[in-house]
Each structure stands twice: as structure tokens, then as C-alpha cells.
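So the sequence shown is numbered by the working numbering: it starts at 238 and just counts up by one.
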Amino acid sequence: MTEAVTGARNAWRRVTRCYSAFLSWVLMIAVAILVIPVALQIFSRFTTLIPHYIWTEELARFLLVWTVMIGAMIGVRESSHFEVDVWPVLSGRPEAAIRLVSRFGVLVIALVFVWSGVEFTRFAWYRTSELAELPLWMIHIAWPIAGFTWLIFLGEQMWDELNVLLGRSSLPPSDPASHIEGAIQ
């Protein structure tokens, strides 16, 4: 039974690793595209070479929201979000316990993002932006997607922290890549 659980866990880690790689690519493409409307805005504002395009402002805002949310998703996956080291010399079980508590706090925020994000998206479902006439749900849906993605990545991390806390694993919780790469191979 443990081999079946380990096999399923390794398969799940492969899926989340592929999802994280996909998010990284989408983020890279979104940032590259974001440069275009922002550059057009700058050049049209300070030169007379090109006209002032209204749609560039909304596209830049749309892409900014998505790049922030996708970046936050990747940040949770890689545990590279902001942390304060209150006890920087802890290791093993005490560190796993502290990280589990902090991940629980992020979990609560993720649930708020999912719950409120669904309501936020419902509110915008039949609305369009004024200038570019983009459906607003395409922007608002970033919140519940971010929250759901955080739940996926946090579940994986909290499982590892719980195993360290219960003594079933000795993986160092301070290195987020160690438990990911070790489980995939």
C-alpha cells in the first residue's frame, strides 16, 4: 500500500511540476507582451510619431493583473514569497511545525481568494470594459485561479511538513526544491 501511495504522490508531484513550468512560461510570455502596450503608451505620450491608442491602457492593466497573480502562484510553489525568520537556527521538526503554521496562514488567504474570487468573477460575468470592450470576467477570474493554485501547491508542501513533523521523513523543509526533485526521480 505504501508503494501505491508513494507512486501516486510522485505522479502528483510530476503534475504539479509540469503545471508550475506551464505557469512560468505563461508568465514569461505575458511579461513580454506587456512591454508592447506600455512602450506604445510611452512613445505616444512623449512623441508625435504614433497616435495615442486607448486600448493599450486596458491591455496593460489586464496583463499586469495576470502577471502579478501568476507570479504569486509560482512564488507559493517555490516558497519564495516573503518570509520573516523569527527563529533562523531551527531545523527538523521544530522548523516543520513553524512552517506548517505559516502555511496554514497562507491557506486561509488562499481560501479567501477562492471564495471571494468566485463572487468577484460572478459580479463581472456579463460586464465588459469600457474602452477595449474586453469581458471583465477574464480579468477577475485570476483571483479564484490563484487561490485554487495556491491550495494545490500548499497541500503538497503541508503534506511534506506534516511528514517531517511526524517523523516519517527527514527532508529539510527549509529547501523547497529538495522535496520536489527528490520525489520526482
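Glycine included, every Cβ here is placed at the ideal spot set by N, Cα and C.
Quiz item: What residues match up with T426 in a beta bridge as DSSP calls it?
Solution: Any question about residue 426 goes unanswered here, given that the chain covers just 238 to 422.
Exercise. Return the chain-ordered list of same chain residues with a C-beta closer than 7 Å to the C-beta of A420, the five sequence neighbours on each side being excluded.
Key: Here residue 420 refers to the residue found at position 183 of the sequence shown. Summary for A420: the model assigns pLDDT 44, below 50, so the residue's position carries little reliability; its value from the coordinates is reported in the next sentence. Answer for A420: R246, N247 and R250, listed in chain order.
Practice problem: Apply the 10 Å Cβ neighbour rule to P325 and answer buried if 16 or more other Cβ atoms are within range, or exposed otherwise. | Solution: Within the sequence shown, numbered from 1, the residue matching residue 325 stands at position 88. P325 should be labelled exposed.
Quiz item: For R314, which residues of its own chain have a beta-carbon under 6 Å away from its beta-carbon, when the five flanking residues on both sides are left out?
Solution: Position 77 of the sequence shown holds residue 314. Excluding positions up to five away in sequence, the list reads S257 and F390.
Practice problem: Reducing DSSP to helix, strand and coil, say where H377 ends up. | Solution: Counting from 1 along the sequence shown, the entry for residue 377 is found at position 140. Correct three-state label for H377: helix.
Exercise. State whether the stretch 251-271 contacts the stretch 291-305, with contact taken as three or more CB pairs (one from each stretch) at a distance under 8 Å.
Key: yes
Quiz prompt | Cut-off 7 Å between Cβ atoms - residues of its own chain near E370, not counting five sequence neighbours on either side | solution = Taking the first residue of the sequence shown as position 1, residue 370 is located at position 133. The answer is none, since no qualifying residue turns up.
Quiz item: By Cβ distance below 6 Å, which residues in the same chain neighbour L403 in space, the five residues on each side in sequence not counted?
Solution: Position 166 of the sequence shown, counted from the start, is the residue given in the question as residue 403. Within the same chain, L403 has no close Cβ partners at all.
Exercise. Using only alpha-carbon positions, find the residue among L327, A379 and S317 that is nearest to W352.
Key: Mapped onto the sequence shown, residue 352 falls at position 115. The shortest C-alpha separation from W352 is found at A379.
Quiz item: Going by the beta-carbon positions, is the gap between P209 and F350 smaller than 8 Å?
Solution: No answer is possible for residue 209: it lies beyond the span of the chain, which begins at 238 and ends at 422.
Quiz item: How would you call G384, buried or exposed, if buried means at least 16 neighbouring beta carbons within 10 angstroms?
Solution: Looking up residue 384 in the sequence shown gives position 147. So G384 counts as buried.
Quiz item: What is the rounded straight-line gap between the Cα of S425 and the Cα of P372?
Solution: Examination of residue 425 is not possible in this model, given that the chain is present from 238 through 422 alone.
Quiz item: Measuring CB to CB, does A297 end up less than 8 Å from V275?
Solution: Here residue 297 refers to the residue found at position 60 when the sequence shown is read from its first residue. Here residue 275 refers to the residue found at position 38 when the sequence shown is read from its first residue. With a cutoff of 8 Å on beta-carbon distance, A297 and V275 are scored as near each other.
Quiz prompt | Span of the alpha helix (DSSP H) around R405 | solution = Within the sequence shown, the letter at position 168 stands for residue 405. First-last for R405: undefined, no H or E at that position.
Practice problem: Output the boundary residues of the alpha helix (DSSP H) element that contains V313. | Solution: One-based indexing of the sequence shown puts residue 313 at position 76. Residues W292 to R314.
Quiz item: For W396, which of L368, R340 and A347 has the nearest alpha-carbon?
Solution: Counting from one through the sequence shown, the residue named residue 396 turns up at place 159. Selected option, being the one with the closest Cα: R340.
Self-check item: Exposed unless 16 or more other CB atoms sit within 10 angstroms - verdict on W362
Solution: In the sequence shown, the residue the question calls residue 362 occupies position 125. Flag for W362 reads exposed.
Quiz item: Between E393 and T253, is the Cβ-Cβ spacing less than 8 Å?
Solution: If you number the sequence shown from 1, residue 393 lands on position 156. If you number the sequence shown from 1, residue 253 lands on position 16. Yes, these two residues count as a Cβ contact at 8 Å.
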